[in-house]
Amino acid sequence: MKRVIFIFILPLLAWATNASCQQTDIKDSLPTFTYQQMLEDYDTLVSNIKQVSPIIYYNKEVRGIDFEQHARTLRSLITPQTTTGNFLQIVAKTLRAAQDGHTGRLGTWQLDIMKKYWIPDGHVPGIDSADTENAYKYAAYFKQLEQTKLDLNLVYTNGEYYNLLPFIYKGKQYPAAMRLARCNGVAIHAYVASLVETVSPLRWDRKQNRVYEETFYMHPSNFRNNTLQLEFVHHNNKVEQLNITTKDTLIFSQKSNGKYGYNSSSDSLVIHYFEQQGIFYVKLPMMIQEMGDTIKQALTTTMKDHKIRAVVVDIRGNGGGSDLTYSKFLSMIVKAPLRMNIVVGRNFSPFIQKRWQINSDTIARRPAYTFKPNTPTLKEPSMYFIQQSYDFVVPDSNTYALDAKIYILQDRFIYSSASNLSSLAKYSDQLVSIGQTPDLLGGLQADPIVMMLPHSKIIFRVEPQVDFTGIEKIDDLFQNNVEHYVPYTIEQLYLRVTTKEDVNGKQYLLQHDPLFKKVLALEKKP
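Under mature numbering (1 follows the signal peptide of the UniProt record, and there is no 0), the residues of the sequence shown are numbered -21 to -1, 1 to 505, in order.
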C-alpha cells in the first residue's frame, strides 16, 4: 500500500496584475482564442474541479468558501474583449478559489517533471509532450508578472499579526511586536478573508475560526493607487499609520539570529541526553534516512549506560522526506505497532468513475470499498470510501521497548512525513504531540489528477481525495492534530529569532522553550 502522505503545502502564489505591465514579448507570444473557446474552456475547468475535488465541498460546508459562487462571478468577467492574459488570470483566480494546495496550474518545474516521467509512465492520459508548448508560455507569462519586494516579517500567533523585528521606514524607527490591526481601512482578519481568489491556500486557524496568511501584502492587487495602507497598534494602544508604495522597502534595525520557518539541508541533527530528567532529546531537521540510523545508534549507546524516562523528537521546521526515517528508531522503542484504520473518500462522479474504472457494482464487490463509512460524511457530493488498516511502525524487538512517553514537538512548519509522525500520536498512547498545528489541509491524499483544457491547453491539477480517518465531526477533515496546544507568544518568538543562544541547546530548551517546558511539566505529573 502507498504510504500515507499528510500534505501541508507551502503556499505557492501565482501573482497576478494588469497585463499591460508585462514585457511585450511575453504578452505578444501568447496564443489567442475566440470568446466561445474561452467560455468552453472555462466551463470545462469548473466542471472538472467540481467532479474531481471533494475539498471544495468541504470548504463550502465547514469554512464558508463557496467555489461555485466565485466561479460564476469570474465567468461573468469573460467578454469578447477578454485578452489571453486576462483569461489566464481569471483561470488562476478560479483555481485559487478551490483553496487547496494540490489544485493549481502546473509551473515550469512541474511541466519538466511531467514530460520526463509522468507522460512516459502513462500517468497523464490525453496529454503528450507536444501539448506543453502553450503551458510553458503561460508559465513564463506568470513569472514576469510584477510583484512587490516588500518584506514586513509578519508573524501570526495567538490569533493576531505582529511585526517580528523592529524596522526603520522613511527615517522613523518602529518597534517590534506591534499588532497589525487594519489593511486599506479594513479590519485585518476581514481583509485577509477576502483574498480567496488571490492567495491559495489560506491557512485556517480553527481555534479562532479564521483564515490567515503572513505574506498576503506582497500581492500587487493589495496596493490601491500604488499605496498599501497598514495600521499598527503599539502595546500602549498608540496607532501607527503606514502608507507604503510598491517600490518602498523597510530596513530591519535588529538582526535575526535564528529562523522561524522550515529547516534547510544545512541544518544538523542534534542529540542530547538530559541526565537529571532522564530525557533523550533529538532535533530532527529533515526526514533523512541516515539521520534515522544515527538516532537509532545513539539510543542504543545511551540505553547501555543510562535510564531513559522519556524521548523527545523535535520536528519543528521539518519539511519531510522519508517515513522510514522515524520508523528506523521508533521501531526499537515502541511497545506496540503504530497503526491507523484509514478511511479516505473520493467523489463518485462520472469523471472519477471513468478515471478509476469503477461503478456501483465494483464498489459493492470490493471489501475495502463502501458508500457508507462509519464516520461523518459531507452533505455533498456523492462519494465512495476506501477503508484499510495499516501499520506505520512495527516493533522490531522487545529488547529496547521503553515504558516511556515519546513526545513529538511540532510547529506550523511541518510537512509530508513529518506530519505523518505528528498524526500518529493521535492513535498511540505512547506518542504525545505538543505545539501548534500547520493550519493547512492534511491527511492521506492521492496523486493529483492532471488535466488540460481543450482550446487553450492550460494544464492544471486537482486533488481527488480527502481523509476521513478518525474524524468525530466533519470539520475534523482538516486533519490537523496536536494533543497539547502550546502556541508561542510574540515575546517568545522574538526571543527565539534574536537570541545568540543555540535554540536547540540544553540551556535554552530548559529555560526558554515553551514546548520543552511542557514536556517537563507532563513528566512531573504522577
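For each residue, glycine too, the CB sits at the ideal point set by N, CA and C.
Measuring straight from C-alpha to C-alpha, what distance separates residue i and residue j?
i	j	result
Ser398	Ile287	25 Å
Gln1	Lys238	Reliability fails at Gln1, whose pLDDT of 41 lies under 50, so the model's placement of it is uncertain and the value that follows must be treated cautiously. When rounded, the distance between both Cα atoms is 34 Å.
Val70	Glu254	59 Å
Arg391	Lys497	17 Å
Ile387	Ser245	22 Å
Thr52	Asp45	11 Å
Pro417	Ala76	20 Å
Pro33	His213	43 Å
Ser376	Leu456	35 Å
Asp461	Ser401	The sequence given here places Val at residue 461; Asp does not occur at that position. Going by the C-alpha atoms only, they are around 7 Å apart.
Met282	Gly240	33 Å
Ile(-15)	Gly150	For Ile(-15), the predicted structure reports a pLDDT of 32, less than 50, and the residue's modelled location is therefore unreliable. A value from the coordinates is still provided. Roughly 43 Å separates the two Cα atoms.
Glu176	Leu499	44 Å
Tyr406	Lys95	39 Å
Asn236	Phe495	20 Å
Met266	Pro493	24 Å
Gly298	Gln389	11 Å
Tyr369	Asp446	14 Å
Between the options, which lies nearest to residue i when the distance is taken from Cα to Cα?
i	options	result
Trp88	Phe46, Asn65, Leu357 and Ala118	Ala118
Asp481	Leu303, Tyr369 and His251	His251
Asn132	Met93, Glu269 and Ser232	Ser232
Ser243	Glu47, Thr448 and Tyr394	Tyr394
Ile57	Gly298, Tyr14 and Phe211	Tyr14
Ala50	Asp20, Thr63 and Gln60	Asp20
Thr273	Ser306, Tyr241 and His285	Ser306
Lys226	Leu174, Tyr148 and Asn215	Tyr148
Asp454	Tyr406, Thr280 and Arg185	Arg185
Ser200	Leu501, Leu488, Lys72 and Phe12	Lys72
Ile342	Arg325, Ile450 and Tyr379	Arg325
Arg440	His463, Thr478, Glu451 and Pro104	Pro104
Lys503	Asn353, Val465 and Lys384	Lys384
Thr62	Gln16, Gly43, Ile98 and Leu381	Gln16
Pro433	Ser301, Val291 and Ala114	Ala114
On the DSSP letters alone, give me the boundaries of the alpha helix (DSSP H) that residue i sits inside.
i	result
Gly271	Gln268 to Asp284
His49	Phe46 to Arg54
Ala160	Not the alpha helix (DSSP H): Ala160 falls in the beta strand (DSSP E), residues Arg158 to Cys162.
Ile385	Unbroken run through Ile385 is the beta strand (DSSP E), Lys384 to Gln389; no alpha helix (DSSP H).
Gly64	Thr63 to Ala76
Asn399	Ser396 to Leu403
Ser26	Tyr14 to Val31
Lys116	Glu112 to Lys122
Tyr473	Ile469 to Thr477
Locate the beta strand (DSSP E) running through residue i, then write down its first and last residues.
i	result
residue 514	Residue 514 lies beyond the range of the chain shown here (-21 to 505); nothing can be said about it.
Ile106	Neither: Ile106 is in no beta strand (DSSP E) and is coded neither H nor E.
Phe371	Met362 to Val372
Asp340	Asp340 -> not in any beta strand (DSSP E); alpha helix (DSSP H) instead, spanning Ser339 to Arg344.
Leu221	Val218 to Thr224
Gln490	Per DSSP, Gln490 belongs to no beta strand (DSSP E); it is in the alpha helix (DSSP H), Lys485 to Gln490.
Report all residues from its chain with a CB closer than 8 Å to the CB of residue i; omit the five preceding and five following residues, and keep chain order.
i	result
Lys358	Tyr36 and Glu40
Asn338	Gln332
Asp110	Met431, Lys436 and Ile438
Val372	Tyr305, Ser306, Leu309, Ser310, Val313, Pro316, Leu317 and Leu403
Leu474	His491
Quick one: what's got a C-beta closer than 7 Å to residue i's C-beta in the same chain, skipping five residues either side?
i	result
Ile167	Tyr140, Leu159, Ala160 and Arg161
Glu442	Ser32, Ile34, Asp79, His81, Thr82, Gln424 and Pro427
Leu67	Tyr117 and Tyr120
Arg182	Val190, Tyr191, Glu192, Asp418 and Leu419
Kindly list the residues whose CB is nearer than 6 Å to the CB of residue i, restricted to its own chain and excluding five residues on each side of it in sequence; keep chain order.
i	result
Gln366	Val322 and Ala347
Ile223	Leu207
Tyr170	Cys162
Ser361	Phe327
Thr349	Phe364
Gln415	Asp390, Arg391 and Pro466
**Message:** Does the segment 128 to 145 come into contact with the segment 457 to 470, if we say contact requires no fewer than three beta-carbon pairs (one atom in each stretch) closer than 8 Å?
**Reply:** yes
**Request:** Decide if the segment 312 to 321 is in contact with the segment 401 to 420; the criterion is three or more beta carbon pairs, one per stretch, under 8 Å apart.
**Result:** yes
**Item:** Given 8 Å, three or more beta-carbon pairs between the segment 254 to 265 and the segment 145 to 158
**Value:** no
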